[in-house]
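These notes are about the structure you will find just below.
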Amino acid sequence: MSLWLLILGLSLLNYVMRFIRWKIYINKLQPSVVIPFVTHLKIYLAGFALTTTPGKSGELVRSLYLVKLGIQYKNSVSAFFVERFIDLISMLLLSLLCGLIFTQYQTLTLAIAPGLLLLFVLLRTNSIWERIQGVDFRPRLVCVFVNKLAKILVSSSSLLGNKMLLVGGVIGVFAWGAEGLALYFISDALALDIDPLVAISIYSIAVLLGALTFIPGGLGGTEAVMGLMLMTMGASSSDALVATLVCRVATLWFAVFVGLIAMASLGRLPTSLLVEESTMRCARAEQ
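In the working numbering, the protein residues as written are 20 to 306.
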């Protein structure tokens with residue numbers, strides 16, 4: 020029981036730290052709107068109910084709740100986009116130790132870095148997206164889509180300044196490091212001789228590679244990588260399986276459970292807002 024309390028507590032710490040970062044992002048993008056802390060926390064946690072979708076895209080459900088409170092779609096989507104980007108960087112940093120221990124993952128780990136660097140440069144180049152907003156594409160629906168995407172990327176770039184990047188990155192490293200520690204305590208309970216930093220690195224690269232498969236929740240890929248790495252560190256196949264399953268229950272599926280509770284507490288999902296906006300958008304496009 021004490022082990023479960025410990026590892027679930029580490030997962031909760033991860034959620035709280037990421038919420039603080041999210042709140043910083045939303046306040047930066049739309050400082051004029053003040054949302055009650057508890058309400059905002061519940062909205063953020065509600066996104067975890069759909070975290071098993073590809074790229075965690077289902078977490079964008081937060082935008083449906085936040086728009087009722089005055090947060091524009093482009094701002095909540097920008098915060099989500101930057102959050103995912105910073106999480107990838109944080110995971111990559113935490114997984115570097117695995118690249119030194121497991122030579123078979125060195126090339127893959129190093130290959131991810133240039134892609135993230137290129138994406139970072141593109142996001143920071145604000146002038147590109149500002150110019151695109153003024154281009155009149157055809158057909159009209161393409162123009163609407165491209166211009167809205169450009170607005171989101173312009174908003175995203177404001178969250179990637181030096182100070183915001185440092186704050187977001189530090190929070191990301193500590194938040195995901197906390198969940199990585201859960202794997203260490205699980206391994207320790209199974210009498211596996213694994214260093215805490217190695218456990219954090221194994222967890223990070225397993226989640227990172229699972230995310231890159233774009234399979235919902237990284238299911239299958241994350242578990243396979245985590246189990247194989249634990250076996251390479253000397254764990255038996257049965258111990259590696261137990262450690263992997265317990266870790267995933269305490270992180271991924273616990274997040275879904277927390278998200279469902281938060282969503283239930285918020286009441287009915289305001290899908291009508293999306294329908295109304297989509298109708299208005301199509302009407303404007305036809306004019």
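No residue lacks a Cβ here, since even glycine has one placed at the ideal position from N, Cα and C.
Do residue i and residue j have their CB atoms nearer than 8 Å?
| i | j | result |
| --- | --- | --- |
| Lys61 | Met183 | no |
| Gly335 | Phe99 | For residue 335 there is no data in the structure shown, the boundaries of the chain being 20 and 306. |
| Gly246 | Leu260 | yes |
| Ile221 | Met250 | no |
| Glu102 | Arg40 | yes |
| Ala262 | Leu209 | yes |
| Ser30 | Thr270 | yes |
| Val244 | Ile213 | no |
| Ile205 | Val268 | no |
| Val189 | Ile43 | no |
| Ile171 | Ser97 | yes |
| Pro235 | Thr72 | yes |
| Ile45 | Ile90 | yes |
Let me make sure I understand the geometry here. Which of the options has the alpha-carbon closest to that of residue i?
| i | options | result |
| --- | --- | --- |
| Ile280 | Tyr44, Leu231, Leu69 | Leu69 |
| Leu88 | Gly196, His59, Ile105 | His59 |
| Phe139 | Ile171, Gly237, Ile105, Ile120 | Ile105 |
| Gln49 | Gly237, Ser256, Ser175, Ala194 | Ser175 |
| Tyr63 | Tyr34, Ser76, Thr71 | Tyr34 |
| Met282 | Val80, Leu25, Ser21 | Val80 |
| Leu25 | Ser76, Asp207, Ile120, Leu111 | Asp207 |
| Trp272 | Ser256, Asp258, Met252, Gly237 | Gly237 |
| Met252 | Lys93, Cys117, Leu111 | Cys117 |
| Leu107 | Glu242, Gly229, Ser21, Tyr92 | Gly229 |
Just to check my reading of the structure: residue i and residue j have Cβ atoms closer than 8 Å, yes? What is that Cβ distance to the nearest angstrom?
| i | j | result |
| --- | --- | --- |
| Leu227 | Ala65 | That pair is no contact at about 25 Å. |
| Ser109 | Val192 | 5 Å |
| Leu200 | Ile219 | 6 Å |
| Leu32 | Ala274 | Not a contact, Cβ separation roughly 12 Å. |
Under the rule that 16 or more other beta-carbon atoms within 10 Å means buried, what is residue i, buried or exposed?
| i | result |
| --- | --- |
| Asp23 | Correcting the residue identity first, residue 23 is Trp in this sequence and not Asp. Answer is exposed; the Cβ neighbour count stays below 16. |
| Val173 | buried |
| Met36 | buried |
| Leu85 | buried |
| Arg3 | In this structure the chain extends from 20 to 306, so residue 3 is not present and cannot be described. |
| Leu135 | exposed |
| Ser95 | buried |
| Gly28 | exposed |
| Asn181 | exposed |
| Leu202 | buried |
| Phe38 | buried |
| Ala254 | buried |
| Leu211 | buried |
| Arg303 | Only weak support is given to the placement of Arg303: the predicted model assigns it a pLDDT of 42, under 50, and the question is left unresolved by the model. |
| Ala132 | exposed |
| Gly74 | exposed |
| Val53 | exposed |
| Val217 | buried |
| Phe56 | exposed |
| Ala130 | exposed |
| Ala194 | buried |
Locate the alpha helix (DSSP H) running through residue i, then write down its first and last residues.
| i | result |
| --- | --- |
| Glu198 | 181 to 208 |
| Glu242 | 240 to 251 |
| Arg37 | 21 to 48 |
| Leu85 | 81 to 85 |
| Pro7 | Because the chain is modelled from 20 through 306, residue 7 falls outside the range shown and cannot be assessed. |
| Leu88 | Run containing Leu88: none; DSSP gives neither H nor E here. |
| Ser255 | Where Ser255 is concerned, there is no enclosing alpha helix (DSSP H), given that its DSSP letter is neither H nor E. |
| Ser114 | It is not in any alpha helix (DSSP H) - Ser114 carries neither H nor E in the DSSP assignment. |
| Ser284 | 273 to 285 |
| Pro215 | 215 to 231 |
| Ile62 | 56 to 65 |
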